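Numbering (this note's numbering), first residue to last: -19 to 102.
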């Protein structure tokens, strides 16, 4: 698991490039709340928007996740734990007044940017 990137994944870079090209400035790989040891991929502090670009395998995408043939019990439990943690993160951030936007890695970066900008401008 060490070989998996924590930040600067291809989907994340694509979305960040588009947002930056459109004049949006943001923080990368930041914990929105100091007491919450979880980091958002992209953070807009002023409007309190936390964006997560979730990997299909690691976060249990309903379209693309497949249980591996080897050690399936371990990995199913691990992915279920990740999904529970994601839901807990959403709840905690929302209770603190943050808007949480989650996208899958397979989503079109242009569409992701459009949704983010709609919330920034809205």
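Just so you know, even glycine gets a beta-carbon here, dropped at the ideal spot from N, CA and C. Source: prediction; values computed, not measured.
Neighbourhood of residue i by C-beta, 8 angstroms cutoff - its chain only, sequence neighbours within 5 removed
| i | result |
| --- | --- |
| residue 56 | 47 |
| residue 40 | 59, 60, 62 and 63 |
| residue 10 | 19, 20 and 23 |
Residue i and residue j closer than 9 angstroms at C-beta
| i | j | result |
| --- | --- | --- |
| residue 8 | residue 17 | no |
| residue 30 | residue 78 | yes |
| residue 63 | residue 81 | no |
| residue 73 | residue 14 | no |
| residue 66 | residue 32 | yes |
Endpoints, alpha helix (DSSP H) assigned at residue i
| i | result |
| --- | --- |
| residue 38 | Taken as a continuous stretch (DSSP letters only), residue 38 belongs to no alpha helix (DSSP H), as it is neither H nor E. |
| residue 100 | 89 to 101 |
| residue -9 | -10 to 1 |
Element boundaries [beta strand (DSSP E), containing residue i]
| i | result |
| --- | --- |
| residue 72 | Where residue 72 is concerned, there is no enclosing beta strand (DSSP E), although the alpha helix (DSSP H) it sits in stretches over 52 to 75. |
Bridge partner(s) assigned by DSSP for residue i
| i | result |
| --- | --- |
| residue 78 | None; residue 78 has no bridge partner. |
| residue 7 | 23 |
| residue 33 | 83 |
Own chain residues within Cβ distance below 7 angstroms of residue i, not counting five before or after
| i | result |
| --- | --- |
| residue 6 | -1, 22, 23 and 24 |
| residue 44 | 36 and 86 |
Contacting residues, own chain, Cβ-Cβ under 6 angstroms from residue i (five flanking each side not counted)
| i | result |
| --- | --- |
| residue 92 | -5 and 83 |
| residue 68 | none |
| residue 76 | 13 |
If we count Cβ pairs, one from each stretch, closer than 8 angstroms, do we get three or more for the stretch 83 to 94 versus the stretch 33 to 46? yes
Do the stretch -18 to -1 and the stretch 20 to 28 touch if we need at least three Cβ pairs shorter than 8 angstroms? yes
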